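Undergrad:
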Amino acid sequence: KHPKTGKSFPDVPQSVLAACHAAIGIANEAADFRPESCLINYYKADGKLGLHQDNTEKALTRPIISISLGDDCEFIAGGNKRSDPTQSMILHSGDVLIMSAEHRMCFHGVKRIISDTAPPGLLKNGGRINLTIRQVEK
Ligand code: MD6
Ligand code: FE
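Per the working numbering, the sequence shown starts with residue 186, numbered consecutively.
So this is what it looks like as structure tokens:
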């Protein structure tokens, strides 16, 4: 529910649910994962997301699935402490990343968007969209 209006958010589209179930299967994650929420982040050319740990769900041991669309980004991921060293990887449009098991609580963030790298015509105004799909309840 929206915290201010109390209204229910729209359902997660079937296409996204199908992609999640496919990813769970391919990555050999537990098949009883329930995709209960989908957070959508949009990044303009200068967008970033600071180093963070996803720890507000009740289901802290279930995987988080991320789907990237549009421009590439430099994604950084480290260890379970903010001060742990990080590694960079480029996430491309269509990439699916799963954080699970010992990596579920890793600090991570988006260092920069790499402009004009999206598949032509995908996003009218460029930028990057990231979907993170989570199981919230234990
Ligand atoms: C992003 N992703 O790719 C931000 N969180 O724009 C995340 O913060 C993230 O990719 C948890 C699990 C996977 C992720
Ligand atoms: Fe995150």
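Note that beta-carbon positions come from the ideal geometry of N, C-alpha and C, so glycine has one too. Bear in mind that the values here come from a model prediction, so they are computed numbers and not experimental data.
DSSP three-state call for residue 200: helix, strand or coil?
TA: Helix at residue 200.
Undergrad: Answer yes or no: do residue 274 and residue 238 have a C-beta to C-beta separation smaller than 7 Å?
TA: No, the Cβ-Cβ distance between residue 274 and residue 238 is not below 7 Å.
Undergrad: Please look up how many angstroms separate the CB atoms of residue 278 and residue 304, rounded, as I've assumed it's under 8 Å.
TA: 5 Å between Cβ atoms; contact.
Undergrad: To the nearest angstrom, how far is it from the Cα of residue 232 to the Cα of residue 260?
TA: Their Cα atoms are separated by approximately 12 Å.
Undergrad: So, using beta-carbon positions, are residue 298 and residue 228 closer together than 7 Å?
TA: Contact flag set, yes.
Undergrad: Using 6 Å as the cut-off, classify the Cβ of residue 269 as near or not near the heavy atoms of the ligand FE, replying yes or no.
TA: It does not: the Cβ of residue 269 is nowhere closer than 6 Å to a heavy atom of the ligand FE.
Undergrad: Are there three or more Cβ pairs, one per stretch, closer than 8 Å when the stretch 305 to 315 is compared with the stretch 201 to 218?
TA: No: fewer than three Cβ pairs fall under 8 Å.
Undergrad: Quick check on residue 262: does DSSP put it in helix, strand or coil?
TA: Three-state DSSP puts residue 262 in a strand.
Undergrad: From residue 276 to residue 199, what distance separates their C-alpha atoms?
TA: Roughly 23 Å between the two C-alpha positions.
Undergrad: Buried or exposed for residue 225, please, with buried defined as at least 16 other CB atoms from any protein chain shown within 10 angstroms of its CB.
TA: With fewer than 16 other Cβ atoms within 10 Å, it is exposed.
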